[in-house]
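Below is one structure; the comments refer to it alone.
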C-alpha cells in the first residue's frame, strides 16, 4: 500500500523528510494565504486564513516537539490536503 510505504520511508529518514515536509507545507500554506487574501477580507476569508495558519503552525510545532512520527506524517498529509483544497476553492470563487 502506498500510504504504508511512504510512512516507512518517512520514519527511516525522519529528519530529512520532516524538514522537506516543513518547507513544502510552509510554501503551500503561503500560497494558500495569498489566494485567500486576494479574495478580500470578509469573515469567510478570515476563517480560511485562520485554518491554514493553524494547520501550518500545528505541523511545525509537532515536528519541532518530536511528536510521534506517524502523527507528524498524518498531520503533514492533512495540512497539505486541506491547503490544496482551500487553493482550489479560492481560485474558483
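Numbering (the UniProt record's numbering), first residue to last: 1 to 93.
Even for Gly, the Cβ is constructed at its ideal location relative to N, Cα and C.
Fair warning: this is a prediction, and the values are worked out from it, not measured in the lab.
Cβ contact annotation for residue 32 (same chain, cutoff 6 Å, sequence separation greater than five): 52, 83, 86 and 87, in chain order. Inter-residue distance for residue 22 and residue 60 is about 7 Å (C-alpha atoms, whole angstroms).
Here residue 9 is exposed: its Cβ has fewer than 16 other Cβ atoms, across all protein chains shown, within 10 Å. Unbroken beta strand (DSSP E) stretches of 3 residues or longer found wholly inside the region 11 to 50: none.
DSSP, read as helix, strand or coil, puts residue 93 in coil. By the CB criterion at 8 Å, residue 49 and residue 62 fall outside the cutoff.
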